[in-house]
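Worksheet: the structure to be examined is printed underneath.
Numbering (UniProt numbering), first residue to last: 1 to 97.
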């Protein structure tokens, strides 16, 4: 199962998640929402139409890193994504921007 991360390079939590995945040799694709206006629009449309982000929006956060699996499952928790992928490694920095 493939993993897509919605995030942004300035976000420490995104960088920590990427570093963990790199250290564990877990492949992923990174979708930088700040790379272009088109990327930001795509993420905002996703965020604004998904119940997953309700608490995020109420708390005034952005909602990254966000993890999307190839089966369409989305989560804000890297360990949930890893579990669905059948990966035993566990991430300990579960925080978000």
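Don't be surprised by glycine CBs; every beta carbon is placed ideally from N, CA and C.
Three-state secondary structure assigned by DSSP to residue i
{"i": "residue 75", "result": "strand"}
Buried or exposed (CB count within 10 angstroms, at least 16 for buried), residue i
{"i": "residue 38", "result": "exposed"}
{"i": "residue 23", "result": "exposed"}
{"i": "residue 1", "result": "exposed"}
Residue i - containing alpha helix (DSSP H), residue span
{"i": "residue 12", "result": "12–23"}
{"i": "residue 41", "result": "37–49"}
{"i": "residue 54", "result": "54–58"}
Endpoints, beta strand (DSSP E) assigned at residue i
{"i": "residue 68", "result": "66–69"}
{"i": "residue 5", "result": "3–7"}
For residue i: DSSP bridge partner residues
{"i": "residue 29", "result": "4"}
**Message:** Using 8 Å as the cut-off, can you tell me whether the region 5–19 makes contact with the region 56–68, which would need three or more C-beta pairs spanning the two stretches below that distance?
**Reply:** yes
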